[in-house]
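Reading through the structure tokens given below for one structure.
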Ligand SMILES: NC(=O)c1ccc[n+]([C@@H]2O[C@H](COP(=O)([O-])OP(=O)(O)OC[C@H]3O[C@@H](n4cnc5c(N)ncnc54)[C@H](OP(=O)(O)O)[C@@H]3O)[C@@H](O)[C@H]2O)c1
């Protein structure tokens, strides 16, 4: 099969599209014919081996995962003898990051728990955009942010993969959403359902006097003073981009300000993939896709990802 291979920690320019053996599923695994995949910051970090702690998981000197790509959608090609939930021909989507990646390829191996049936109303490209980004938004808002219908929520970094889903998921809970993005992405944020938008290129917005029950900070760049101004007493601040501000200030904010500050690390699971599928099938969640690439173009898509300025998701059609 064809796959995009990375043999050393490096830039996308050293990735190669080449023939490799198909992976073999164990008796508990599923082989998926990958029809689409999408890129995430996780792929970018593992490709570069940076920041250094990434190497504790992905290999100290050279990458353990030589075919990256976590998000996939496709069709079940083979099932191990102990697989109970999927059959050959099922259309599925899922996240391979907990079982060694492998999505930038024509075939990939998955555990049952990393997959769910694909949303019936989305095509394979739209479905491949969902797993990591939409589940991160869901877990950030619902699990860590304890979102409620009466909340007013600020989403910082609302125009990228996670942010474009966060706007829609927050709206699905009935909350009021203020989206922070750059000038040429304001219209997209409104189209996705934001009640109002803030253009961060116009300067520091934290001192406007407006404050929120929940701040979901996808960029992780707000300092303690800004967080204090933006989060109402009794409110929550959740960063999905590991923020040292949270580590240094969470106890103080909790004891003296009555505000909860948390960092989060999403863990995609089948129940949340199913939750996301249901939202999509109820027309409450659509995939905002900047561009669809081919397998040859994975390095180009990763270069764009690395710049951190995407408008929604970057998807690969396989
Ligand atoms: N903790 C977890 O489990 C988890 C899971 C997934 C992702 N993440 C992290 O979440 C971050 C975002 O991921 P993503 O997939 O959404 O990335 P992405 O698709 O590259 O989106 C980033 C977005 O942020 C916007 N942006 C850049 N600087 C900004 C600023 N100062 N203020 C507001 N917006 C800004 C960018 O566009 P404009 O600047 O043009 O508006 C872009 O649309 C990444 O750092 C990733 O590592 C964490």
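Numbering (my numbering), first residue to last: 5 to 322. For glycine and all other residues, C-beta sits at the position ideal for the given N, C-alpha and C.
**Request:** Label residue 251 either buried or exposed according to how many other C-beta atoms from any shown protein chain fall within 10 Å of its C-beta, with 16 as the threshold for buried.
**Result:** exposed
**Prompt:** Among residues of its own chain, excluding the 5 on either side of residue 89, which ones have a beta-carbon nearer than 6 angstroms to its beta-carbon?
**Reply:** 116
**Item:** Range of the contiguous alpha helix (DSSP H) that encloses residue 252
**Value:** Residue 252: member of the alpha helix (DSSP H) spanning 248 to 256, first to last residue.
**Request:** Evaluate contact between the region 176 to 186 and the region 201 to 220, counting only Cβ atoms and requiring at least three cross-stretch pairs below 8 angstroms.
**Result:** At 8 angstroms Cβ cutoff, the stretches touch.
**Stretch pair the region 33 to 41 + the region 72 to 80: three plus CB contacts closer than 8 angstroms** = yes
**Asked** Is residue 298 helix, strand or coil by DSSP?
**Response** Correct three-state label for residue 298: strand.
**Asked** Which residues bound the beta strand (DSSP E) around residue 44?
**Response** Counting along the chain, residue 44 falls outside any beta strand (DSSP E), and DSSP gives it neither H nor E.
**Message:** Our contact map puts residue 46 next to residue 293 with C-beta atoms below 8 angstroms; I'd like the distance itself, whole angstroms only.
**Reply:** Not quite, the Cβ-Cβ distance comes to about 18 angstroms (not below 8 angstroms), so this is no contact.
**Span separating the alpha-carbon of residue 288 from that of residue 214** = 27 angstroms
**Request:** Name the residue from 282, 278, 255 and 22 whose alpha carbon lies nearest to the alpha carbon of residue 109.
**Result:** 22
**Prompt:** What residues in its chain sit with their C-beta under 8 angstroms from that of residue 264, if we drop five residues either side in the sequence?
**Reply:** 239, 240, 241, 254, 257 and 258
**Prompt:** How about the region 215 to 224 and the region 114 to 128: do they share at least three Cβ pairs that are nearer than 8 angstroms?
**Reply:** no
**Asked** Just reading off the alpha helix (DSSP H) that residue 20 is part of, what are its end residues?
**Response** No alpha helix (DSSP H) contains residue 20, which is instead part of the beta strand (DSSP E) from 20 to 23.
**Request:** Please name the residue in 147, 191, 175 and 137 whose C-alpha comes closest to that of residue 165.
**Result:** 137
**Prompt:** From this set, 48, 59, 84 and 300, which residue's C-alpha is nearest residue 74's C-alpha?
**Reply:** 48
**Request:** Round the Cβ separation of residue 160 and residue 222 to the nearest angstrom and send it over; I've been treating them as touching at under 8 angstroms.
**Result:** 6 angstroms
**Request:** Report the option in 318, 273, 279 and 312 whose CA atom is closest to the CA atom of residue 295.
**Result:** 318
**Request:** Take residue 124 and list the residues in its own chain whose beta-carbon comes closer than 7 angstroms to its own, dropping the five residues that flank it on each side.
**Result:** Cβ neighbours of residue 124 within its own chain (closer than 7 angstroms, five residues either side excluded): 285.
**Message:** Can you look up residue 309 in the DSSP assignment and give me helix, strand or coil?
**Reply:** Note: residue 309 maps to helix in three-state DSSP.
**Request:** Can you tell me the Cβ-Cβ gap for residue 196 and residue 157, rounded? I've got them flagged as a contact below 8 angstroms.
**Result:** With 8 angstroms as the limit, residue 196 and residue 157 do not qualify as a contact, their Cβ atoms being about 14 angstroms apart.
**Item:** Cβ-based burial, residue 18 [other Cβ within 10 Å; buried from 16]
**Value:** exposed
**Prompt:** DSSP beta-bridge partners for residue 37?
**Reply:** 79 and 111
**Message:** Restricting to runs no shorter than 4 residues, where is the alpha helix (DSSP H) found entirely within the region 161 to 197?
**Reply:** 165 to 176 and 190 to 195
**Asked** Who pairs with residue 1 in a beta bridge, going by DSSP?
**Response** The shown model of the chain, from 5 to 322, leaves out residue 1, and the question about it has no answer.
**Prompt:** How many angstroms separate the CA atom of residue 260 from the CA atom of residue 301?
**Reply:** 51 angstroms
**Prompt:** In terms of DSSP beta bridges, what is residue 227 paired with?
**Reply:** Answer is none; residue 227 lacks a bridge partner.
**Request:** Work out the CA separation of residue 178 and residue 66 for me, nearest whole Å.
**Result:** Spanning the alpha carbons of residue 66 and residue 178 requires a straight line of approximately 46 angstroms.
**Nearest residue (CA-CA) to residue 167, options 127, 99, 190 and 62** = 190
**Request:** Can you have a look at residue 332 and say buried or exposed, based on whether 16 or more other CB atoms are within 10 angstroms of its CB?
**Result:** Outside the displayed range of the chain (5 to 322) lies residue 332, so it cannot be described from this structure.
**Prompt:** Do residue 51 and residue 105 have their C-beta atoms within less than 8 angstroms of each other?
**Reply:** no
**Request:** Tell me whether residue 225 counts as near ligand 1, meaning its Cβ is closer than 7 angstroms to at least one heavy atom of that ligand.
**Result:** For ligand 1, at least one heavy atom lies less than 7 angstroms from the Cβ of residue 225.
**Message:** Given 7 angstroms as the limit, tell me if residue 76 has its C-beta closer than that to any heavy atom belonging to ligand 1.
**Reply:** no
**Request:** Less than 8 angstroms between the CB atoms is what I'm expecting for residue 96 and residue 119, so what's the real figure, rounded?
**Result:** 5 angstroms
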